[in-house]
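In the working numbering, the protein residues as written are 266 to 764.
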Ligand code: BES
Ligand code: MN
Ligand code: ZN
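Below, the structure written as structure tokens:
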């Protein structure tokens with residue numbers, strides 16, 4: 266898809282379709298008024314006859330409107346003019362795309378950027394129009410024999426800006442919207458692939474492929490024998506139960522000053538989580554192919570930052586394994602030694618995410634990070650606590666937590682902080698090792714983070730539990746690409762604050 270920005274009045278656009286907002290009740294936007302005036306009151310006439318109210322979700326497609334240069338005019342109902350928030354803006358764009366897909370138009374001039382969205386500026390609207398369009402058009406049919414083909418697919422969107430002076434920054438928003446959308450799409454594709462295709466080896470290949478697309482991005486992969494030398498007994502205790510060898514992928518994006526400490530992103534890459542010997546129940550087990558969505562979000566965020574050629578240093582670390590039951594799989598009660606030297610009693614082999622993350626977090630020390638953020642579909646308890654709206658956030662450094670919270674607000678890809686109090690640490694007590702890998706009843710998301718916190722003492726760290734947000738269950742089952750939007754926004758904000 267091609268995207269660009271332009272300033273100019275709607276009736277003068279020589280294009281397949283011009284999209285203009287109308288508000289409840291029957292109120293015309295400035296661009297709708299322009300077309301109304303040019304056409305001798307055609308639109309106000311239609312509205313008087315009750316053809317469109319302007320409620321959210323309303324649409325009216327018009328052809329050959331008098332004194333306009335476009336083939337079609339699409340009126341989009343936006344609801345009450347003064348109560349449009351980021352979610353409503355998404356819905357408006359979503360309705361636009363769905364209507365256009367069957368209209369025959371291929372090139373579109375959108376004046377939806379005219380809509381006032383609470384607390385957001387023109388540039389946000391351009392970026393998020395692109396993300397909404399990309400989201401609506403997303404289709405994962407690479408594994409279906411019958412691929413949907415559209416006879417006249419949408420090819421181009423031009424977003425209206427009110428002044429010529431906004432064009433340059435507008436183009437920047439276009440680039441950002443496209444880069445984030447590409448990152449989100451990559452994360453969704455990886456998430457949606459099944460466990461028999463998206464294996465640890467497949468992820469390593471994809472990381473190498475991504476590095477070939479960007480000169481400043483380098484990938485390296487540690488094999489099980491390398492990890493043995495490093496003493497990653499905890500990670501290896503999970504991977505040994507599978508025929509698929511575990512890997513530790515490192516992606517290094519170096520476009521900043523050599524002396525600048527990197528932002529390190531660590532993503533949980535369990536390509537399938539059966540639970541291991543502590544086997545999960547059968548119902549819904551297929552969804553555990555999404556247990557690598559933390560890793561996928563690291564791919565997505567790094568891809569977006571590289572695409573934008575941000576002048577910073579970012580390192581992505583992806584511990585990736587498959588969690589399976591086997592004759593040599595870990596048993597409940599086994600004790601393993603992590604790379605940090607701390608010993609862990611595995612009381613439940615289904616709490617495997619923390620077992621692979623802890624060694625990756627120790628490994629992260631060697632990069633002398635500015636901050637470390639891990640992203641993981643870590644606990645079902647997070648879905649119980651927060652549902653599907655925000656990711657769970659826990660951190661050992663409040664300024665970092667606050668930066669993530671505000672990046673969540675501005676990107677719309679939100680997170681919500683839970684307490685990482687010492688009071689919870691005792692739940693990890695083990696009679697036989699330094700700690701247990703589960704914290705018993707109560708506060709499952711917090712005790713999982715407490716476990717990780719024992720491996721992150723040497724740097725500023727935040728943990729995002731994305732079990733509730735990384736994919737949707739039910740009829741519209743699929744990966745969401747979250748939290749690529751949040752991570753990219755955090756990185757951009759941090760870069761701007763530092764310069
Ligand atoms: N990958 C799961 C977490 C999960 C469960 C995400 C359901 C999304 C939906 C993780 O490895 C896991 O199994 N966690 C256990 C931890 C428990 C054994 C302490 C859980 O949440 O049940
Ligand atoms: Mn598990
Ligand atoms: Zn898991």
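We treat Cβ as the ideally placed atom computed from N, Cα and C, and that holds for glycine.
Residue 424 sits in a strand when the DSSP states are folded into three classes. Contact fails between the stretch 525–533 and the stretch 482–500, because fewer than three Cβ pairs, one in each stretch, are under 8 Å apart. Take the alpha-carbon of residue 624 and the one of residue 642: they are about 17 Å apart. Judged by their CB atoms, residue 527 and residue 579 are nearer to each other than the 8 Å cut-off. Judged by their CB atoms, residue 464 and residue 536 are nearer to each other than the 8 Å cut-off. It is roughly 51 Å from the alpha-carbon of residue 422 to the alpha-carbon of residue 495. Shown here, residue 419 sits in coil according to DSSP, grouped into three states, outside any helix or strand.
For residue 649 and residue 707, the gap between their C-alpha atoms comes out near 11 Å.
DSSP places residue 514 within a strand segment (E or B) once states are collapsed to three.
Bridge pairing for residue 662: absent [DSSP]. In the three-state reduction of the DSSP assignment, residue 678 falls in the coil class, being assigned neither a helical nor a strand state. In chain order, 448, 449, 452, 562, 565 and 566 place their CB closer than 6 Å to the CB of residue 749, counting only its own chain and leaving out the 5 sequence neighbours on each side. For the 8 Å CB-CB criterion, residue 540 and residue 585 do not form a contact. Residue range 372–375 is occupied by the beta strand (DSSP E) that includes residue 375, with no alpha helix (DSSP H) assigned at that position. Cα atoms of residue 393 and residue 659: separation of roughly 27 Å, rounded to the nearest angstrom. With a threshold of 16 other beta carbon atoms within 10 Å, residue 266 falls short and is exposed. Taken in chain order, the complete alpha helix (DSSP H) segments of 4 or more residues contained in the stretch 574–655 are 618–629 and 645–651. Here the distance from the Cβ of residue 701 to the nearest heavy atom of the ligand MN is not below 7 Å.
In the displayed model, residue 267 falls within a strand according to three-state DSSP. Rounded to the nearest angstrom, the gap between the Cα atoms of residue 718 and residue 604 is 15 Å. Nearest C-alpha to residue 619 among 601, 399 and 636: 601. Contact between residue 622 and residue 639 holds, since their C-beta atoms are separated by about 6 Å, short of 8 Å. The beta-carbon distance between residue 358 and residue 398, rounded to whole angstroms, is 6 Å. This is short enough to meet the 8 Å contact definition.
One residue list follows from the rule of a beta carbon closer than 5 Å to any heavy atom of the ligand ZN, given in chain order as 535, 538, 556 and 618. By the Cβ neighbour-count rule, residue 354 is buried, with 16 or more other Cβ atoms within 10 Å of its own. Here residue 275 is buried. Its C-beta has 16 or more other C-beta atoms within 10 Å.
Between the alpha carbons of residue 730 and residue 320 lies a gap of roughly 37 Å. Straight across, the Cα-Cα distance linking residue 551 with residue 703 is about 23 Å. Per DSSP, the continuous alpha helix (DSSP H) segment holding residue 473 begins and ends at 465–478. When rounded, the separation of the alpha-carbon atoms in residue 597 and residue 612 is 5 Å. Excluding the 5 residues flanking it on each side, residue 417 has same chain C-beta neighbours closer than 7 Å at 369 and 371, in chain order. In the same chain as residue 521, and ignoring 5 residues on each side of it, the C-beta atoms closer than 7 Å to its own belong to 576, 577 and 578, in chain order. Taking every protein chain shown into account, the CB of residue 404 has fewer than 16 other CB atoms within 10 angstroms, so this residue is exposed. Taking 7 Å as the cut-off, one finds at least one heavy atom of the ligand BES near enough to the beta carbon of residue 648.
For residue 695, there is no enclosing beta strand (DSSP E), as DSSP marks it with neither H nor E. Residue pairing by DSSP places residue 485 opposite 515 in a beta bridge.
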